[in-house]
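Counting in my numbering, the sequence shown runs from 7 upward without gaps. Beta carbons: idealized from backbone N, C-alpha and C, even for Gly. Okay, so here's the structure we're looking at.
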Amino acid sequence: MAESLKVRVEHEEKITPAADNKPPVNSESWTFHAGLARAMVRYSRYLNRPPDFTGNYPSLPNSDTGIGLDGGAFGNWYRGNAIRVIINDKDIFAGQPATKIEWREGDNGHLRLEWELEEGRSVALNFAVPDDGHAVCLCIDLALNALKVNSLNIQLTCYPGGFGPAYGIPSHRWVSTAQNQAEVPQDFSAKVFPKISFDANGSWIFYADKFENRGSLGLVVLPEEKSAGEIALSSYGVGTILNYPPETRQIHLSFRAYSIVNDAARKLFVESVNEERERLKSASLWQQ
Numbered sequence: 007m008a009e010s011l012k013v014r015v016e017h018e019e020k021i022t023p024a025a026d027n028k029p030p031v032n033s034e035s036w037t038f039h040a041g042l043a044r045a046m047v048r049y050s051r052y053l054n055r056p057p058d059f060t061g062n063y064p065s066l067p068n069s070d071t072g073i074g075l076d077g078g079a080f081g082n083w084y085r086g087n088a089i090r091v092i093i094n095d096k097d098i099f100a101g102q103p104a105t106k107i108e109w110r111e112g113d114n115g116h117l118r119l120e121w122e123l124e125e126g127r128s129v130a131l132n133f134a135v136p137d138d139g140h141a142v143c144l145c146i147d148l149a150l151n152a153l154k155v156n157s158l159n160i161q162l163t164c165y166p167g168g169f170g171p172a173y174g175i176p177s178h179r180w181v182s183t184a185q186n187q188a189e190v191p192q193d194f195s196a197k198v199f200p201k202i203s204f205d206a207n208g209s210w211i212f213y214a215d216k217f218e219n220r221g222s223l224g225l226v227v228l229p230e231e232k233s234a235g236e237i238a239l240s241s242y243g244v245g246t247i248l249n250y251p252p253e254t255r256q257i258h259l260s261f262r263a264y265s266i267v268n269d270a271a272r273k274l275f276v277e278s279v280n281e282e283r284e285r286l287k288s289a290s291l292w293q294q
């Protein structure tokens, strides 16, 4: 009898026809089933290239289109638009849809989205969901050839604690790293929301909401990749910008999500960071 799959991948796709001089919309999702755990990657974009469309329209015209995470608390990474890659101030995903998409199930679940660019360059997102289902791992491959890179950053959007403020529910956003922390309480009265820096030697960021006390998120990075940046808080969405050295050609991230109360989630997350860093560097995680 064949060995059962540790991680199954369920794919769904919906195409909305072109209308009102806009291209068709392709919305896809990949659900990774790892035991009782479930994580999902979503990708919604306009098919703005021939043969689907011949006019002039962006692939991602707004902040509700793009690549996001879903499935329980992972949805707080924002199912619509959690991850952007910006090279020389150009949003790689906004201009055109991915040209290649592949996925595979097995000991780990894998999904690869690739953007073929001009002059043989490419950017690829390689997602891996381990068999414990506790993380969505990401390896970004940058095949930029002789391109002169002046700036390279990853932009992340999340809503720790959920989307309650959009429906009139109070919030108390809170972000912490090993070096800094900031919060936006219910009675926040300053005119400018706080930002905190992320040190190039840092390895984790924890996002939470003290009012909801659940639905917190964690991000693990590799310190050797030198991702200095900042986290911008608000009473709703939280934006993270990670700036990488121009010579960077591979980036590793691990996205975590928790349904348990904040204190327990933060303790569990921080205690797991070193192990998660090693997993991100493990060749077996990324084997296709």
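CB of residue i within 9 Å of CB of residue j, strictly
| i | j | result |
| --- | --- | --- |
| Tyr165 | Asn268 | no |
| Gly208 | Ala263 | no |
| Arg85 | Asp76 | yes |
| Ala214 | Ile202 | no |
| Leu66 | Pro29 | no |
| Phe99 | Gly74 | no |
| Asn192 | Phe169 | Sequence check: residue 192 is Gln here, not Asn. No, Cβ-Cβ distance for Gln192 and Phe169 is not below 9 Å. |
| Gly139 | Gly221 | no |
| Val181 | Ile211 | yes |
| Cys143 | Arg285 | yes |
| Val190 | Val226 | no |
| Val163 | Ser233 | Note on identity: in this sequence residue 163 is Thr, with Val being the wrong assignment. No, the Cβ-Cβ distance between Thr163 and Ser233 is not below 9 Å. |
| Leu372 | Phe204 | Outside the shown range of the chain (7 to 294) lies residue 372, about which nothing can therefore be said. |
| Asn132 | Leu117 | yes |
| Glu108 | Arg14 | no |
| Ala238 | Val135 | no |
Residue i versus residue j: straight-line alpha-carbon distance, rounded
| i | j | result |
| --- | --- | --- |
| Gly101 | Asn156 | 19 Å |
| Pro251 | Leu158 | 7 Å |
| Tyr242 | Arg179 | 7 Å |
| Lys12 | Gly115 | 8 Å |
| Met7 | Ala79 | Note that Met7 has pLDDT 33, beneath the 50 cutoff, so the model's placement of it is unreliable and the number below is only indicative. Computed Cα separation, rounded: 35 Å. |
| Ser50 | Thr105 | 14 Å |
| Thr60 | Trp36 | 28 Å |
| Pro171 | Glu122 | 38 Å |
| Phe275 | Ile175 | 26 Å |
| Glu281 | Ile257 | 17 Å |
| Gly126 | Thr246 | 30 Å |
| Pro23 | Asn87 | 21 Å |
| Pro229 | Lys273 | 20 Å |
| Ile92 | Asp113 | 32 Å |
| Pro200 | Asn186 | 12 Å |
Buried versus exposed call for residue i [16 or more other C-beta atoms within 10 Å across all chains shown]
| i | result |
| --- | --- |
| Ala289 | exposed |
| His17 | exposed |
| Arg283 | buried |
| Ile21 | exposed |
| Arg255 | exposed |
| Val129 | buried |
| Leu150 | buried |
| Leu42 | exposed |
| Ala141 | buried |
| Ala271 | buried |
| Asn27 | exposed |
Please go through the segment 117-144 and give each complete beta strand (DSSP E) segment of 3 or more residues, from N-terminal end onward.
128-135
Residue ranges of each beta strand (DSSP E) run of no fewer than 3 residues wholly in the segment 70-126, ordered along the chain?
72-76, 89-93, 106-110, 115-122
Unbroken stretches of the beta strand (DSSP E), 3 residues or longer, contained in the segment 200-275:
201-204, 210-215, 222-227, 234-238, 244-249, 256-264
For the segment 145-176, list the beta strand (DSSP E) runs that are entirely contained and at least 3 residues long, ordered along the chain.
Listed in chain order, they are 158-164.
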